[in-house]
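Shown next, in structure tokens, is the structure this report addresses.
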Amino acid sequence: MSKDCIIDVKHCCMCDSSFDEFIVDDVGDDICPKCSSTSGERLFYGQLLEYLDDSPRLLYLKPSDCLESKLMGLDISYYAKNDLEHIDFDDDFFDVVIADRILDCVDNWSETLNQLNRVLVKGGVLLLRVNIDLELEHLVELDYISCDATLRKMFYGNGESLRCFGRDLISTLNDRGFDVFYANPDSQVDNICLKVELIKDPLFVCRKLNHYDNITLDKSFYDGLEAQLDDLKSENEHLNEVIDEIFSSNSWKLSAPIRDLRSKFR
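Heads up: the sequence shown runs through residues 229 to 494, numbered per the working numbering.
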């Protein structure tokens, strides 16, 4: 078959429909002609399918209409939350949390991230998307830009965002107790399971670690243990020499119980 005969079919994982083309909206996003889902909603839902088998307890922060409608029809324990500054749920409560553009717009994104970690069960998953520029090494958050919508659009690429994250977000997530995977946008382009085209900001899949999972020990720690072990071996050898000397010089005075004890030392 020649390349001219290959048809580029667009598939919507939310309504399981295929089309020759999506509808392009005013901001250039691909909208499903049937269910009106956005590319971002399809991105989240396509990844979310992996976690729906066990009827998870799911929290969706600041939900969008189309994805929320889809989730409410599933066999899951669904919770929605619009008050982003007060995530007042119990510790270790949710199996999955969806946070789409949440860390962009809250005043204290660091505390919000801590709260998301707190409400997730050990091994739970945070599906996270933020305003990020992968060419930036570090977060950009300047007061004189964040207070003006025009400047936010100009410098952050999004008029609603109070900041633009850089590549160091991944190390930040690691430090907060998350194992981040599927963070490479190139891998998302090639993932046929999602069946959507990559949009600007990648989806980060973050698994909450058990406390002991996140412990890292450097080489100096192991070197210190080896040095202590060598010292103990030397002390033990010296002690054995002393014991041998005592037993040898006074062996004729040793009673049977003591000789038996000596054999146990050996």
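Built from N, CA and C at the ideal position, the CB exists for glycine as well. Predicted model only: the values in this text are computed from it and were never measured.
The Cβ-Cβ distance between Arg395 and Ser389 does not fall below 9 Å.
Comparing alpha-carbon positions, the option among His239, Gly274, Leu277 and Asn310 lying closest to Pro261 turns out to be His239. Taking every protein chain shown into account, the CB of Gln275 has 16 or more other CB atoms within 10 angstroms, so this residue is buried.
In the structure shown, Ser305 falls within a strand segment according to DSSP collapsed to helix, strand and coil. Fewer than three beta-carbon pairs drawn from the region 273-290 and the region 250-258 are found closer than 8 Å, and the two stretches are therefore not classed as touching.
The closest CA to that of Leu299, considering only Asp311, Glu313, Tyr279 and Ile315, is found on Tyr279. Look at the beta carbons and you see the region 347-357 not touching the region 368-378: under three pairs across the two are nearer than 8 Å. Distances from the CA of Ser264 to each of Asp248, Leu295 and Lys290 were compared; the closest alpha carbon is that of Leu295.
For Asp403, the enclosing alpha helix (DSSP H) covers residues Leu397 to Asp403. For the pair Asn464 and Ala455, the Cα-to-Cα distance works out to about 14 Å.
Of the candidates Cys375, Asp293 and Gly405, the residue whose Cα lies closest to the Cα of Cys333 is Cys375. For Tyr306, the closest of Phe321, His314, Arg435 and Asp257 by C-alpha to C-alpha distance is Phe321.
Judged by beta-carbon spacing, Leu362 lies beyond the 9 Å limit of Phe432, meaning their Cβ atoms are not closer than that value. Counted as a single uninterrupted DSSP element, the stretch harbouring Gly268 is not any beta strand (DSSP E) but the alpha helix (DSSP H) occupying residues Ser267 to Leu276.
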